[in-house]
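Sequence lines, in order, name chains A and B.
No gaps in the numbering here: position 148 of the first sequence is 147 in numbering that gives the first Met the number 0, and each next residue is one more.
No gaps in the numbering here: position 40 of the second sequence is 39 in numbering that gives the first Met the number 0, and each next residue is one more.
There are 2 protein chains.
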Amino acid sequence: MASKLSKVNLNDYKPLREVIFDTLREAIITGELKPGERLMEVKLAEKMGVSRTPVREAIRMLELEGLVDMLPRKGAHVAELSVKDIMDVLEVRASMDSLATRLAAERITDEEIKELRQIQAQFVNYANKDNLHGTIKKDVEFHELIYRASRNDRLLQIANNLREQVQRFRVIYLKDYSSPKNLIKEHEDICDAISARNFDQAQACAQTHINNQEKVIIKAIKNLK
Amino acid sequence: MASKLSKVNLNDYKPLREVIFDTLREAIITGELKPGERLMEVKLAEKMGVSRTPVREAIRMLELEGLVDMLPRKGAHVAELSVKDIMDVLEVRASMDSLATRLAAERITDEEIKELRQIQAQFVNYANKDNLHGTIKKDVEFHELIYRASRNDRLLQIANNLREQVQRFRVIYLKDYSSPKNLIKEHEDICDAISARNFDQAQACAQTHINNQEKVIIKAIKNLK
DNA sequence: TGTTTTTATATTATATACAAAATACAAAGC
DNA sequence: GCTTTGTATTTTGTATATAATATAAAAACA
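Given below as structure tokens:
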């Protein structure tokens, strides 16, 4: 019988391209790699101690993900993220979030409702203690659970990609992350509507929530200019 | 001054990976490559007269696109497309189409309205003559124009991917493509609402249109079982 | 015969090698 | 000084080679 060790190793195995992909994506999203920055295969490969092949494959994936742009025979560079881009993303995400919340209200399980309320309680707790890190974490968890409860994998996949873009934009343009107290109320409303499985109301609450979020970002954008 | 000739050649250049990517994607969407079918690098490379490298890169891209699945060290195979998958896609696409139509009503130019009406006229013409091929073509053009008029590149990109999946499903499961006459009326309504720049109504019409489309597909799915 | 073990083969994963194009820069010509 | 042209260098695009793993077939054993 094979030892557990080998089994674990098999499950843990990740192709280098995936590791590189994750690393580069993280670097792009956190702004460590800046928009327009060139991605040179040999340099990246050397820095990461691998050959060019997995680096290239990772770049191909990042290209599809929209995080890098390619020019034939000129190489890859970190995709620029314009205000127009982020407006486009926000517009789509609003619609996705709204849909997800409606579907979640229809399909969420009782356990998940409990979980949602728990997250919400922790969110409130952190927010009241001005714990920014914790608040953001719970905010993300809150929305992740809702997407999960929508029981729509495609929606989840698209939303993750959009979230990525927004996050990236935040890092690049808006260094600070304000945590307005009215978020609490909005989450509470969404929570209640979902718990009551009132999908129309849930969708409406989500819409309000996103519109407000959008306003914050758009206001911040205008301040930049 | 450089001649036009050299410019054209430069623009025409496409890396092999892109050519392979397009070819494989087309093959998967049209059902030439069937769900579950293995994609072996050497075979594909030989068949296409290239080395494994561009084939691998194309496969990495198809993976992100959701058209192939990978198992580490076991290779790639054409992604299965379950009924659940297509329901998920339809759910999201409904929301996207609805959003696109609303935005189009807000942002479409006068020229585009003219163009839309023209396409619609041709659509009606083909449909009345039972020209299936022409009808489908104009149907696609109709929706493409609306997406274009939404002035949202991200939306366009996502919608294209979703359309891909639906098309694939059609080919795999529903060999025939019924062209019900009431499509004409629905398109007409959308056209009118957009022309009047009445975005609420445009969105509502789009919603109706998509819901009906969904019903057709769902009905067809049920007939399969 | 059925089951395990071994071995061979096929296939992916990664690294390297080579070719072609783009870029940078210096020398020549005006 | 400015442009042009040629050359060296860098970098990508593609092909091939090597290593590691999985699959399948054959051999050994009960």
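Note that the Cβ used here is the ideal one computed from N, Cα and C, for glycine as well.
| Asked | Found |
| --- | --- |
| Would you report the Cα separation of I171 of chain B and I85 of chain B, rounded to the nearest angstrom? | 12 Å |
| Rounded to a whole number of angstroms, what is the C-alpha to C-alpha distance between F20 of chain B and A57 of chain B? | 5 Å |
| What is the DSSP secondary structure of A75 of chain B, counted as helix, strand or coil? | strand |
| For L102 of chain A, is the beta carbon positioned less than 7 Å from some heavy atom of the ligand SAH? | Among the components of this structure there are no ligands whatsoever, and the ligand SAH is therefore not found. |
| Just to confirm my understanding: we take M95 of chain B, look at its own chain, exclude 5 residues before and 5 after, and list those with CB closer than 8 Å. What are they? | L154, I157, A158, L161 |
| How far does the alpha helix (DSSP H) with M69 of chain A in it extend, from its first residue to its last? | Taken as a continuous stretch (DSSP letters only), M69 of chain A belongs to no alpha helix (DSSP H), being part of the beta strand (DSSP E) at 67–70. |
| For H132 of chain A, count neighbouring Cβ atoms within 10 angstroms of its own Cβ and tell me buried if that reaches 16, exposed if not. | exposed |
| With T100 of chain B and I135 of chain B assumed to form a contact (beta carbons below 8 Å), what rounded beta-carbon distance in angstroms separates them? | That pair is no contact at about 20 Å. |
| Let me see if you follow: with CB-CB separation under 8 Å, is L66 of chain B close to chain A or not? | no |
| Going along the chain, which residues of its own chain have a beta-carbon closer than 7 Å to the beta-carbon of A192 of chain B, five neighbours each way excluded? | A104, Q200, A201, C204 |
| Is R153 of chain B close to chain A, meaning its C-beta is less than 8 Å from at least one C-beta of that chain? | yes |
| Do R59 of chain A and R37 of chain B have their beta-carbon atoms positioned less than 8 Å apart in this structure? | no |
| If you run the structure through DSSP and keep just helix, strand and coil, what is L38 of chain A? | strand |
| Return no unless some Cβ of chain A is closer than 8 Å to the Cβ of L63 of chain B. | yes |
| Taking any Cβ of chain B, which residues in the region 96–111 of chain A have a Cβ under 9 Å from it, in chain order? | S97, L98, L102 |
| Return the first residue and the last residue of the alpha helix (DSSP H) that K83 of chain A is part of. | 82–106 |
| Nearest CA to the CA of E114 of chain B: which residue from B:C190, B:E31, B:R24, B:I220? | B:C190 |
| Could you check what DSSP says for E56 of chain B in three-state terms: helix, strand or coil? | helix |
| Leaving out five residues before and five after F198 of chain B in sequence, what residues of the same chain have Cβ atoms less than 6 Å from its Cβ? | R101, A104, E105 |
| The alpha helix (DSSP H) spanning L22 of chain B covers which residue range? | Per the sequence shown, the amino acid found at residue 22 of chain B is Thr instead of Leu. From DSSP, the alpha helix (DSSP H) with T22 of chain B extends over 15–28. |
| With a cut-off of 8 Å, does the C-beta of E143 of chain A fall near any C-beta of chain B? | no |
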